[in-house]
Amino acid sequence: MAQMHQYTKDSIQYASIIQHSILSNQNELQEHFEDSFMIWKPKDIVGGDIVFIQALNEEEIVVMVIDCTGHGVHGAFVTMLVKGIERHIMAEILYKKRERKYRSHLAKIQ
86 MAQMHQYTKD
96 SIQYASIIQH
106 SILSNQNELQ
116 EHFEDSFMIW
126 KPKDIVGGDI
136 VFIQALNEEE
146 IVVMVIDCTG
156 HGVHGAFVTM
166 LVKGIERHIM
176 AEILYKKRER
186 KYRSHLAKIQ
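Quick look at the structure:
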């Protein structure tokens, strides 16, 4: 039982590393907003809150702060799905395949 618990804990720790790798960070935020800060503290080791920052050009930046349903592992799974949707939408905007109608894009994430 203790061995299974340790295996699960190790897996969640590794998932935390993966989750951190997909999130925007303080440095990315300060590249665009000098006097800014970011705090990301999930309730558990992994969580359902995410921040994405994407420059569209020198004058436009998209900042997404998303609170996915749930905490812990199930919240983290949702963040991975949302990251995929975010990348798809941003790629279409960046490569001019989609208009910049942000309200409709947000509806797709919801």
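Using my numbering, the letters of the sequence shown map in sequence onto residues 86 to 195.
Cβ atoms here follow ideal geometry from the backbone N, Cα and C, with glycine treated the same way.
Note that the coordinates shown come from a computational prediction; the quantities given were computed from them, not determined experimentally.
Sequence-distant Cβ neighbours of L179 in its own chain, meaning closer than 7 Å and more than five residues away, are L141. Spatial neighbours of H117 in its own chain (CB-CB distance under 6 Å, excluding positions within 5 residues in sequence) are listed in chain order as I146.
For L108, same chain residues with a beta-carbon under 7 Å away, outside a window of 5 residues either side, are W125, I135 and V136 in chain order. In the structure shown, F162 adopts helical secondary structure according to DSSP, grouped into three states.
In this structure, K128 lies near H156, with their beta-carbon atoms less than 8 Å apart.
Boundaries for M89: no beta strand (DSSP E) harbours it, while the alpha helix (DSSP H) harbouring it runs A87 to I107, taken from the DSSP string. Beta-bridge pairing by DSSP links F137 to M149.
Sorting G133, Q88, K168 and E143 by C-alpha distance to the C-alpha of T154 places G133 at the top.
In chain order, V136 place their CB closer than 6 Å to the CB of V150, counting only its own chain and leaving out the 5 sequence neighbours on each side.
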